[in-house]
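Below is one structure, written out as C-alpha cells, with a few remarks after it.
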Amino acid sequence: MEIKVACASSLFKENGHDLKGIFTLFYNAVYAYFSLATMNMHNICDQECCLVQLSDNRELVAGCILKTLETFQPDLEAAASRVSQFDREYKELKEISEKIKEVHFLTILTRADKKINAYIRRRKEIEEETISLKELLNVAFYKFTQVNGTRKQFKEGFERFLK
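For the sequence shown, my numbering begins at 653 and goes up steadily by one.
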C-alpha cells in the first residue's frame with residue numbers, strides 16, 4: 653500500500669511528540685489514504701452510507717496497521733534518510749511555489765514559459781510522491797526514538813491504541 657507523503661507531512665515535520673502524538677499523526681495519515689480511496693470510489697452517497705464507510709475505514713486502517721506491525725523491523729538509518737529527503741523536498745516545494753507566485757497568472761495558465769512548466773512538473777512530482785506503509789511506520793518509530801522510546805514500547809503502544 654502506497655500513501656501520499658502529503659497525507660503524512662505532519663508526521664515528518666513534527667518533533668518531540670510522545671507515543672500517543674506519534675500514533676495520532678501516523679493513524680491520521682493512513683486514515684486519510686483510505687478516506688480518499690473511499691471518496692474516489694463513491695463520489696455521491698447519502699449520509700447513512702457514508703457513516704457505514706467511515707466505520708469500515710477505521711476497522712480497515714486498524715487491521716492494516718496491525719498486520720504491518722507484526723512484521724515490523726526498524727531501520728533507523730533509512731528512516732533518518734527519508735525524513736531528511738522530505739525536509740529537502742518540502743523546502744524545494746516552498747521555493748518552487750514562491751517562484752510560480754511571481755509569474756503572471758496567464759503565463760501559468762497558458763504554460764508559455766518553459767521554466768514555469770518545469771517548476772509545475774516538479775511541484776506535481778513532489779506532491780504526488782508516495783511512501784509504503786512499512787516505510788511510514790519506520791518513520792514513526794524513528795520519531796519515537798528521538799524521545800527515548802524502545803521498539804517494545806512502540807509496538808505495544810500502537811497495538812493498545814488500535815484496540
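Just so you know, even glycine gets a beta-carbon here, dropped at the ideal spot from N, CA and C.
Using DSSP bridges, identify the partner residues of residue i.
i          : result
serine 784 : Glu654
Nearer than 7 Å: is that true of the beta carbon of residue i relative to any heavy atom of the ligand ATP?
i           : result
glycine 801 : In terms of ligand content, the structure shown is empty, and the ligand ATP therefore cannot be addressed.
Taking the alpha helix (DSSP H) that residue i belongs to, which residues open and close that run?
i                 : result
lysine 753        : 728 to 753
glutamate 811     : 803 to 814
phenylalanine 664 : 661 to 665
By alpha-carbon positions, which one of the options ends up nearest to residue i?
i                 : options                        : result
serine 661        : Met653, Asp670, Phe678, Asn800 : Phe678
valine 657        : Leu671, Asn667, Arg774, Val682 : Val682
leucine 745       : Tyr771, Tyr685, Ser687         : Tyr771
glutamate 654     : Tyr685, Phe664, Lys665         : Tyr685
phenylalanine 813 : Phe664, Thr676, Lys665         : Thr676
isoleucine 748    : Arg774, Arg710, Asp765         : Arg774
lysine 751        : Arg740, Arg803, Lys767, Ser736 : Lys767
threonine 802     : Leu671, Ile783, His756         : Leu671
Determine the burial state of residue i: buried for a count of at least 16 other Cβ atoms within 10 Å of its Cβ, exposed for fewer.
i            : result
leucine 652  : Examination of residue 652 is not possible in this model, given that the chain is present from 653 through 815 alone.
lysine 753   : exposed
alanine 730  : exposed
arginine 734 : buried
leucine 789  : buried
lysine 719   : exposed
lysine 795   : buried
valine 799   : exposed
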